[in-house]
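Here is the structure we will look at, set down as structure tokens.
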Amino acid sequence: TFLSCSQYHKMYRTVKATSGRQIFQPLHTLRAAEKELLPGFHQFEWQPALKNVSESYNVGIINGLSGWTSSLDDSPADTITRRFRYDVALVAALKDLEEDIMEGLRDTGMEDSACTLGFRVMIKECCDGMGDVSEKHGGGPAVPEKAVRFSFTVMSVSIQAEDEQEEVTIFTEPKPNSELSCKPLCLMFVDESDHETLTAVLGPIVAERNAMKESRLILSMGGMPRSFRFHFRGTGYDEKMVREMEGLEASGSTYICTLCDSSRAEAAQNMVLHSITRSHDENLERYEIWRTNPFSESVDELRDRVKGVSAKPFLETQPTLDALHCDIGNATEFYKIFQDEIGEVYKNPNPSREERRSWRAALDKQLRKKMKLKPVMRMNGNYARRLMTMEATEVVCELVPSEERREVLRELMRLYLQMKPVWRATCPAKECPDQL
1 TFLSCSQYHK MYRTVKATSG RQIFQPLHTL RAAEKELLPG FHQFEWQPAL KNVSESYNVG
61 IINGLSGWTS SLDDSPADTI TRRFRYDVAL VAALKDLEED IMEGLRDTGM EDSACTLGFR
121 VMIKECCDGM GDVSEKHGGG PAVPEKAVRF SFTVMSVSIQ AEDEQEEVTI FTEPKPNSEL
181 SCKPLCLMFV DESDHETLTA VLGPIVAERN AMKESRLILS MGGMPRSFRF HFRGTGYDEK
241 MVREMEGLEA SGSTYICTLC DSSRAEAAQN MVLHSITRSH DENLERYEIW RTNPFSESVD
301 ELRDRVKGVS AKPFLETQPT LDALHCDIGN ATEFYKIFQD EIGEVYKNPN PSREERRSWR
361 AALDKQLRKK MKLKPVMRMN GNYARRLMTM EATEVVCELV PSEERREVLR ELMRLYLQMK
421 PVWRATCPAK ECPDQL
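Using UniProt numbering, you'd call the opening residue of the sequence shown number 1 and step up by one each time.
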């Protein structure tokens with residue numbers, strides 16, 4: 001578990017006092033040991049040098065607003081954000097994996113002295129609001145109660161040897177979804193809905209990332225300088241953050257999808273045939289159209305032309321669906337199916353509002369009575385996970401009149417549970433290759 005310094009120190013004192021033995025190390029020893037693990041310890045260089053980024057390597061935690069003038073906002077700018085320089089943080093993460101990378105080279109039978117060029121590193125980027133982090137009774141400076149954390153994970157390192165066509169993967173993160181492999185890059189006291197401050201804080205990070213795409217990192221690994229190229233994929237964003245970063249309207253918009261141009265009405269008509277059509281570059285073009293209105297259209301026509309892009313896209317993301325929202329989306333759908341089955345909607349296709357309400361009440365009452373599952377206003381993860389079980393299905397089946405429909409419901413839930421590891425397992429490729 002993660003402990004703050006004060007929590008750790010308290011534990012250290014208590015254990016030392018009660019057992020008389022020093023089982024934990026004092027804080028200053030940990031701090032000294034930590035220096036090598038934290039960004040800013042290892043030397044490296046970029047070829048060509050990064051644009052607008054200093055060449056010094058021993059840079060630790062910096063003020064995330066360094067470089068901005070202090071007129072940014074009314075909250076004191078010195079407390080609002082802290083970050084590492086992106087390239088320095090990546091170096092620390094790679095050096096942390098040094099043994100694994102060297103071992104990977106040896107396992108693939110490559111002569112480690114021959115492999116100095118052609119390393120490719122895949123980075124997954126994540127950014128999410130951390131919710132309410134207010135001090136319950138501290139008297140610090142006034143900062144927004146919300147925090148946002150931007151972090152990255154080294155997903156894989158591969159190498160393309162000079163004479164080989166194939167790329168060989170020498171390291172793959174065994175637990176890509178664990179919080180332990182996810183390195184924090186920037187922490188900020190910002191509400192994720194505050195677009196201006198968020199973009200101001202992330203601006204330098206985006207600039208550093210763009211500079212790194214054009215350059216190679218020269219870093220000593222296993223005693224020899226080797227050259228790495230980085231590829232970034234921003235897949236760790238929830239829908240709200242994707243919309244924020246890509247300049248789309250907020251979640252209530254008619255343009256409901258972050259992947260395609262479909263509107264609510266179109267999606268209701270066509271439930272299956274969709275493909276991913278949106279992209280960062282297209283969003284940028286659309287923003288230009290929105291800004292300049294080249295065809296002098298009315299607001300509604302213009303909005304339809306740009307499909308809901310009405311702010312400048314700021315950061316390239318690859319929108320995906322995270323496991324939690326997959327659970328929630330599926331449970332929402334099943335919750336509706338359960339109601340329809342209780343009311344036998346297949347016999348009576350146009351039920352009145354009152355009938356629907358009574359089915360929902362019956363379902364809620366049954367779930368509360370048999371499973372102690374209280375109805376919720378908005379579907380959340382815990383409710384979703386409890387609802388999507390065989391136990392819940394059996395409870396619902398007690399209210400379904402026809403035995404035949406009950407069997408179908410059970411079968412549907414069985415299928416769902418069989419597929420669940422695909423998006424819930426830590427490493428689906430290892431844990432459930434068949435379902436995948």
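All C-beta atoms, glycine included, are put in the ideal place defined by N, C-alpha and C.
Cutoff 6 Å; reference residue 177; Cβ partners in own chain excluding five residues on either side: As a first step, residue 177 is located in the sequence shown; it is residue number 177 there, counting from the start. Result list for residue 177: 426, in chain order.
Check whether residue 409 and residue 395 have beta carbons under 8 Å apart: For the purposes of this step, residue 409 is identified with residue 409 of the sequence shown, where counting begins at 1. For the purposes of this step, residue 395 is identified with residue 395 of the sequence shown, where counting begins at 1. The answer is no: Cβ separation not under 8 Å.
Proximity below 8 Å, CB of residue 260 to CB of residue 235: Counting from one through the sequence shown, the residue named residue 260 turns up at place 260. Counting from one through the sequence shown, the residue named residue 235 turns up at place 235. No; because the gap between Cβ atoms is not below 8 Å, this pair is not in contact.
Reference residue 98, options 225, 152 and 331, closest by Cα: For the purposes of this step, residue 98 is identified with residue 98 of the sequence shown, where counting begins at 1. Considering only 225, 152 and 331, the residue with the shortest C-alpha distance to residue 98 is 225.
When 16, 228, 309 and 398 are compared against residue 254, the one with the closest alpha-carbon: Residue numbering aside, residue 254 sits at position 254 when the sequence shown is read from its first letter. Out of 16, 228, 309 and 398, 309 has the C-alpha closest to the C-alpha of residue 254.
Extent of the continuous beta strand (DSSP E) to which residue 147 belongs: As a working note, residue 147 is residue 147 in the sequence shown. 146-159 is the extent of the beta strand (DSSP E) around residue 147.
Residues of its chain near residue 198, where Cβ-Cβ distance is below 6 Å and the 5 sequence neighbours each way are ignored: On the sequence shown, residue 198 is found 198 positions in, with the first residue counted as 1. For residue 198, where only same-chain residues beyond five positions count, the Cβ hits under 6 Å are 190.
Closest by C-alpha distance to residue 51, when choosing among 202, 116, 106 and 206: In the sequence shown, residue 51 corresponds to position 51, counting from 1. Nearest C-alpha to residue 51: 206.
Identity of the residue in 54, 46 and 38 nearest residue 61 by Cα: Residue 61 sits at position 61 when you count from the first residue of the sequence shown. The shortest Cα separation from residue 61 among 54, 46 and 38 belongs to 38.
Chain-order list of residues whose beta-carbon lies under 7 Å from that of residue 158 (same chain, five-residue window excluded): For the purposes of this step, residue 158 is identified with residue 158 of the sequence shown, where counting begins at 1. Apart from the 5 residues on each side of it in sequence, residue 158 sits with its Cβ closer than 7 Å to the Cβ of 120, 167, 168, 169 and 170 in its chain, given in chain order.
Cβ contact (3+ pairs, closer than 8 Å) linking the stretch 345-362 and the stretch 315-330: In the pairwise beta carbon analysis, the stretch 345-362 is classified as not touching the stretch 315-330: fewer than three pairs are separated by under 8 Å.
Buried versus exposed call for residue 81 [16 or more other C-beta atoms within 10 Å across all chains shown]: On the sequence shown, position 81 is the one that residue 81 refers to. Residue 81 counts as buried, since no fewer than 16 other beta carbons sit within 10 angstroms of its beta carbon.
Option in 187, 96 and 47 with minimal Cα separation from residue 40: Within the sequence shown, residue 40 is the residue found at index 40, counting from 1. Taking only the C-alpha atoms, the option nearest residue 40 is 96.
Rounded C-alpha distance that separates residue 87 from residue 65: If you number the sequence shown from 1, residue 87 lands on position 87. If you number the sequence shown from 1, residue 65 lands on position 65. Looking at the two C-alpha atoms, the distance is approximately 17 Å.
Residues bridged to residue 63 (per DSSP): Numbered from 1 along the sequence shown, position 63 holds the residue referred to as residue 63. Answer is 82, bridged to residue 63.
Nearest-angstrom Cβ-Cβ length linking residue 332 and residue 245, presumed shorter than 8 Å: Walking along the sequence shown from the start, residue 332 turns up at place 332. Walking along the sequence shown from the start, residue 245 turns up at place 245. Approximately 25 Å separates the beta-carbon atoms of residue 332 and residue 245; this is outside 8 Å, ruling out the contact.
Coil, strand or helix - residue 187 by DSSP: Along the sequence shown, read from residue 1 onward, the residue named residue 187 stands at position 187. Strand at residue 187.
Three-state class that DSSP yields for residue 389 in the structure shown: Locating residue 389 in the sequence shown gives position 389, counting from the first residue. Looking at residue 389 - three-state DSSP - the assignment turns out to be coil, as it is neither helix nor strand.
Expected contact under 8 Å - CB spacing of residue 274 and residue 263 to nearest Å: If you number the sequence shown from 1, residue 274 lands on position 274. If you number the sequence shown from 1, residue 263 lands on position 263. Actually they are not in contact, since the Cβ atoms of residue 274 and residue 263 sit about 12 Å apart, beyond 8 Å.
C-beta contact flag for residue 422 and residue 436 at 8 Å: The residue given as residue 422 occupies position 422 in the sequence shown. The residue given as residue 436 occupies position 436 in the sequence shown. Going by C-beta atoms, residue 422 is nearer than 8 Å to residue 436.
Burial state of residue 188 (16 or more Cβ within 10 Å): Start at 1 with the first residue of the sequence shown, and residue 188 comes out as number 188. Counting Cβ neighbours within 10 Å, residue 188 comes out buried, since at least 16 surround it.
Proximity winner among 90, 326 and 284, relative to residue 306 (alpha-carbon distances): Here residue 306 refers to the residue found at position 306 when the sequence shown is read from its first residue. Checking every option, the nearest Cα to that of residue 306 belongs to 284.
Nearest candidate by alpha-carbon position, reference residue 240, set 257, 123 and 228: What you label residue 240 is simply residue 240 of the sequence shown in a count that begins at 1. When each option's Cα is compared against that of residue 240, the closest is 257.
Spatial distance of residue 439 from residue 9 (CA atoms): Lying outside 1 to 436, the shown extent of the chain, residue 439 is not represented and no answer is given.
Three-state secondary structure assigned by DSSP to residue 231: Locating residue 231 in the sequence shown gives position 231, counting from the first residue. The three-state reading of DSSP puts residue 231 in strand, counting E and B together.
Length of the line joining the Cα atoms of residue 267 and residue 152: Numbered from 1 along the sequence shown, position 267 holds the residue referred to as residue 267. Numbered from 1 along the sequence shown, position 152 holds the residue referred to as residue 152. C-alpha separation (whole angstroms): 33 Å.
Other residues of its chain near residue 233: CB distance less than 6 Å, five sequence neighbours each side excluded: Sequence index remark: in the sequence shown, residue 233 carries index 233 (1-based). Closer than 6 Å at Cβ, skipping near neighbours: 124 and 318.
Closest Cα partner of residue 303 within the set 286, 313, 312 and 314: Walking along the sequence shown from the start, residue 303 turns up at place 303. The shortest Cα separation from residue 303 among 286, 313, 312 and 314 belongs to 286.
Complete alpha helix (DSSP H) runs within the stretch 256-326 (minimum length 4 residues, chain order): Runs found: 264-269, 280-292 and 299-306.
6 Å CB neighbourhood of residue 147 in its chain, flanking five on each side removed: Taking the first residue of the sequence shown as 1, we reach residue 147 at position 147. Result list for residue 147: 130, 133 and 189, in chain order.
Inter-residue CB distance, residue 384 and residue 327 (contact presumed, cutoff 8 Å): Your numbering for residue 384 matches position 384 in the sequence shown. Your numbering for residue 327 matches position 327 in the sequence shown. Indeed they touch by this definition, with Cβ atoms about 4 Å apart.
Boundaries (first-last residue) of the alpha helix (DSSP H) holding residue 365: The sequence position of residue 365 within the sequence shown is 365, counting from 1. Residue 365: member of the alpha helix (DSSP H) spanning 353-371, first to last residue.
As assigned by DSSP and simplified to three states, the class of residue 23: In the sequence shown, counting from the first residue as 1, residue 23 sits at position 23. In this structure, residue 23 counts as coil in the three-state DSSP scheme.
Beta bridge counterpart(s) of residue 216 as assigned by DSSP: Here the question's residue 216 lines up with position 216 in the sequence shown. The partner list for residue 216 (beta bridge, DSSP) reads 47.
Rounded C-alpha distance that separates residue 213 from residue 122: On the sequence shown, residue 213 is found 213 positions in, with the first residue counted as 1. On the sequence shown, residue 122 is found 122 positions in, with the first residue counted as 1. Residue 213 and residue 122 have their C-alpha atoms spaced approximately 12 Å apart.
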